[in-house]
Every structure is written in structure tokens, then in C-alpha cells.
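A.B. asks: Sharing a structure, written as C-alpha cells. Questions coming.
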């Protein structure tokens, strides 16, 4: 169950896909709302940090701020993704969402470094903590704010088919549990263990680094035109059940932001109308993968395909 909470399958988000423009508008609304909530949470926590000196709360506050800021490039990417293709950008600007992932990786990495440095410095130069009750309260506020954002982002992301927005929601949920770690650190100090605060700060930094590994993997796969094998399986299933297709010779898919593009080269049965088969195949793929923007099917006769195979054999 925890695996489903923190690592949802990316193709789950595509099961309730909507119109591309509608999806962008809903995504922007979700990012605006969640940005306001996270900024308000960060400000409240920063005030408590200023008069409590809690390094664990500082680490959590820095991470919450980074989580809020990662919504900005994604917001810009959604706006750019609404623009139509032009003579200069003939594929449109959907790739802006993938490029925004690079900034997100940088911000998350920076927040982890800052959190770790502050925790180590506090372990080497310990200082008394004040207002522990407020520190614990701020940790609870951080959890509540992040969980509210997580629920909202994940719900909207699944509805519009945005795996990126779902992942951002999971990111916020993870931040919420690091906020609970601050509560644990504060309780530890109250119980007479002063090193609990910097130790929890290091734990938070480690949690951010673990989160970063998954983020780098996801962003890197998108930048290299990688897709989930399950999506390829669904596209193959859609093509195999189209009358007139004998076999699939080539199938390609790639993400462009939170939308899919692809093409297929298939061998058609003798006597079939190639144009009709291509139209039926494209419609079938769009039915099975509802977040597909562009998908082109090229049909050639099985005889020509077999001849090309023989000719290419060494």
C-alpha cells in the first residue's frame, strides 16, 4: 500500500485523460492553488524558525520552499504547452514541461545540500532551542499544508492525465512526512535528547536525496524519449485488434510534456484498403491511449514488407 501511495504508476494518470487545452487549464489552476498553500505554510514555518533556532524545522522549511518553487517552472510549461505549433516550433512547445524537470532536479538537490549543511553545523556547534511547543506546532502545520497540496495535485493530475502533476503531488506528500519528522525531533529535545533536532535534520536531508534519485530517473527518461513499457503494450494491443493488419513492423512512442506522440509501421493484409486501415488503427490507439495527441500509422502490403526484410538480411 505504501508503494502505491508514494510511487503511483505513471500510466494510471492517463486513465481519465481530457482535452489537451482543458487539461492545461486544470493543471494551471492546481498549480496556482497549491503554490499559495505551500507559500503560506513556508512563511508560518520560517517565522517559528526565526525565534526557535530549530535546524530540523529549518531543513523542512527550505524543502517546503523548494517544493513551492518547483510549481513555477511547471506552471510556465503548462502555459507554453497551450500555444499552437508555429513555423519556428513546428512540434509546439510541449517539451517545455520536460525541460522544467531539469530545474526541479536542481532545486531539490540544492535544498538537500542546504539542509545537510545546516544539520552538520548544528551538530558541531550546538545551540539551545526555544519555543519547542511552537516548533512542534509548525511541524504539524507543515504536514497539513503539504498533505492538502498532495491530495489536490494527485486528484487533478489523475483527472487530466498529467503524470508530472501526480508526481509533484507525491513529492508534496513526502514533504509532509518530513514535517512529521520535525515533530519527532522536537519531542526528542523535550525528552532530554538535544541532538535529536540536528539528527532529524540529517534524516530529512537524506530523504530529499532519496527523492532526488527517483526524480532524476524520471526526468532523464523523458529527456531520452523513454516511455513506460506498459504504454507500448497498450498501443500494440490496440493495433493487433484492427482488421486488416497482419503484423506490426515498428512502433514508437514518446512523451512531449504530459502528452504522447508516436507512429507505427504495419503490414496490411492483401486486398485491404490501406487508408481505411490506417484511420482505423489511429482511432484504436487513441481509444486505448487517450492522452495521445499525434499518432500516425503507415500501412504497406505484407509482400513489400517481406521483400524489404529479405533485402536487408545479410
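Residue numbers (full-length UniProt numbering): 1 to 314.
We put the CB at the ideal spot given by N, CA and C, even for glycine.
(1) Which complete beta strand (DSSP E) runs does the stretch 206-242 hold, if anything under 3 residues is left out?
(2) What do you get for residue 259, buried or exposed, if any count of 16 or more other CB atoms within 10 angstroms of its CB means buried?
(3) On the DSSP bridge assignment, give the partners of residue 245 in chain order.
(4) Flag residue 115 as yes when its Cβ comes closer than 7 angstroms to any non-hydrogen atom of the ligand FAD, and as no otherwise.
(5) Using a Cβ-Cβ cutoff of less than 8 angstroms, which residues in the same chain neighbour residue 137 once the five nearest sequence positions on both sides are dropped?
(6) Report buried or exposed for residue 287, applying the criterion of at least 16 other Cβ atoms within 10 angstroms of its Cβ.
(7) Please identify the residue among 113, 100, 271, 67 whose C-alpha is closest to the C-alpha of residue 153.
(8) For residue 296, which of helix, strand or coil comes out of DSSP?
(9) Where does residue 275 sit, in a helix, a strand or coil, going by DSSP?
(10) What is the rounded straight-line gap between the Cα of residue 270 and the Cα of residue 235?
(11) According to DSSP, is residue 262 part of a helix, a strand, or is it coil?
(12) Are the beta-carbon atoms belonging to residue 74 and residue 100 less than 8 angstroms from one another?
(13) By Cβ distance, which residues of its chain are closer than 7 angstroms to residue 246, with the 5 residues on each side in sequence left out?
(14) Considering only DSSP beta bridges, list what residue 253 is partnered with.
(15) Apart from the five residues on each side of it in sequence, which residues of its chain come closer than 7 angstroms, Cβ to Cβ, to residue 140?
(16) Start and end of the alpha helix (DSSP H) containing residue 73?
(17) If we call anything under 8 angstroms between Cβ atoms a contact, is residue 232 one with residue 253?
(18) Residues bridged to residue 301 by DSSP?
(19) Go ahead and label residue 240 buried or exposed: buried means 16 or more other beta carbons lie within 10 angstroms of its beta carbon, across all protein chains shown.
C.D. replies: In short, the structure shows the following:
(1) none
(2) buried
(3) 268
(4) As presented, the structure is devoid of all ligands, the ligand FAD included, so that no description of it is given.
(5) 48
(6) exposed
(7) 67
(8) strand
(9) helix
(10) 23 angstroms
(11) strand
(12) yes
(13) 267, 268, 269, 302
(14) 262
(15) So the list reads 183, once near-sequence residues are dropped.
(16) 71-81
(17) yes
(18) 268
(19) exposed
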